[in-house]
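Structure record follows, encoded as structure tokens.
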Amino acid sequence: MNAFNALVADKIDEKIEMHIKELQVDDLTEGEVLIDVHYSSVNYKDGMVAAMGEIAEAFPIVPGIDLAGEVIESSDDRYKKGDAVIATSYKIGTGISGGFSEVARIPADWIVPLPDGMTLKESMELGTAGLTAGISIKKLEAVGMTPDEGPVLVAGATGGTGSLSVNMLAASGYRVVASTGSMDEEAYLKSLGATEVIHRDEVTNQEGGPVGEPKYQAAIDPVGGKTTEYLIKHIQPEGALATFGLVAGIAVYTTVLPFIGRGIHWVGVDSVNYPMKLRKDVWERLASDLKPDLMDKDLVNEVTLEELPEVLHNIIEGKVKGRTIVNLKYQ
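So the sequence shown is numbered by UniProt numbering: it starts at 1 and just counts up by one.
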């Protein structure tokens, strides 16, 4: 087939560089399914690879942990030419060629058919961030979270997963408290459905006793560190906390008292290797009852391949709110 364009990140003498390059299919890593990519999305992991030169197994690499498009050809019988598909996480964009390319080649076992009720563009408005939010909500529901049991705290609420979590929870009838490092975003977060917006300092552990006032029936935690410590102390009896982030650090200091004294549930969320059967179930929900009202909420920014380098630097510097998608069909 003809040559195509891709963003390639390379690391030379510890210096990371990004360039738009013309590639051939043989330049891509191996996989059973060749995909005409329509959209990708920008995640913090992509910035770690392309702007920081971290977490990738080797350089040069085509970053982009998410992609959606149509099958060009497949050596796996599960997929045929023209099928609309999604591929996120696993080693996409960190270990194999990723979604910041007009053409991608992906292992068949890592692909999800586009569910009914969702477009390719909508799937990338969600991407790994939406999948992670969906898994978190599903896990919290499994241990008892319901709309009538009290407020739910969403930490890091202006980020991609945080924004989507606020929107999904609010649309499902939950009272959402959003925490953020910038109170300038209060109006934005309330437009997504938050009933209350608080500064992140209010949900940062300041030591004290092993438990505090029970405030939230559940929390979504993409932050880690002292935010996680605070939330463990302030979850209501039989409530739950879903953790999947570490921007505030990987160390968490706690005691067993919130767990044996209040029976709280601390659930981990891993969207990278989430089992395929469960992954498909979450995508089905993201196309139906958990589908957020994205386009009416000033949540999504669309960019081209050429604009990506600046965005990747910005996401590392905390200058990106909501979701950014990449249009690979931009003319």
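Ideal Cβ positions, reconstructed from N, Cα and C, are used throughout, including at glycine. Computed from a prediction, not measured in an experiment: that's the story for all the values here.
Residues sharing a beta bridge with residue i, DSSP
i    : result
V320 : V320 is not bridged to any residue.
S101 : A6
D221 : T243
E186 : DSSP output for E186 lists no bridge partner at all.
S179 : I198
P113 : V85
K15  : I12
E302 : I325
Y216 : I235
I106 : V33
L131 : Paired residues: none, contrary to the question.
V143 : For V143, which the question treats as bridged, DSSP gives no partner whatsoever.
L153 : V177 and A219
I96  : I92
Classification of residue i by the beta-carbon crowding that lies within 10 angstroms, buried from 16 upward
i    : result
D26  : exposed
Y39  : buried
I111 : buried
R78  : exposed
T255 : exposed
H19  : exposed
A9   : buried
P237 : exposed
K15  : exposed
A3   : exposed
E310 : exposed
K81  : exposed
A170 : buried
M276 : exposed
Cβ pair residue i, residue j closer than 8 Å
i    : j    : result
L140 : A194 : no
A240 : G150 : no
I264 : A242 : no
R285 : S163 : no
E125 : V300 : yes
G224 : V252 : yes
L257 : Y216 : no
G93  : P63  : yes
V36  : G69  : Here the sequence assigns Asp to residue 36, which means Val is not the residue at that position. In this structure, G69 lies closer than 8 Å to D36 by Cβ.
L34  : I72  : yes
L7   : L305 : yes
G99  : A129 : no
K185 : K321 : The residue you asked about is not Lys; residue 185 is Glu in the sequence shown. Against a cut-off of 8 Å, the Cβ pair of K321 and E185 comes out as a contact.
V203 : S179 : yes
I316 : S41  : no
G245 : G173 : no
L28  : S97  : yes
L312 : G47  : yes
V49  : A56  : yes
E32  : S74  : yes
E196 : V177 : yes
I137 : L290 : yes
Min CB distance residue i to chain D below 8 Å
i    : result
E207 : Within the model displayed, chain D is absent; a lone protein chain is all it includes.
Check your understanding: Are the region 132-147 and the region 97-107 touching, with three or more C-beta to C-beta distances below 8 Å?
Key -> Fewer than three pairs of CB atoms, one per stretch, sit closer than 8 Å, so the region 132-147 makes no contact with the region 97-107.
Review point. Does the count of Cβ pairs from the region 111-127 and the region 71-87 closer than 8 Å reach three?
Key: yes
Review point. Below 8 Å, can you find three or more Cβ-Cβ pairs linking the region 179-198 to the region 277-284?
Key: no
Practice item. Determine, using beta-carbon pairs with one atom in the region 165-173 and one in the region 226-238, whether at least three such pairs fall under 8 Å. Key: no
Check your understanding: Taking only runs of the beta strand (DSSP E) that begin and end inside the region 20-84, which ones reach a length of at least 3 residues, in chain order?
Key -> 33-42 and 66-74
Exercise for review: Let me know the beta strand (DSSP E) ranges lying completely inside the region 241-297, each 3 residues or longer, listed in chain order.
Suggested key: 265-268
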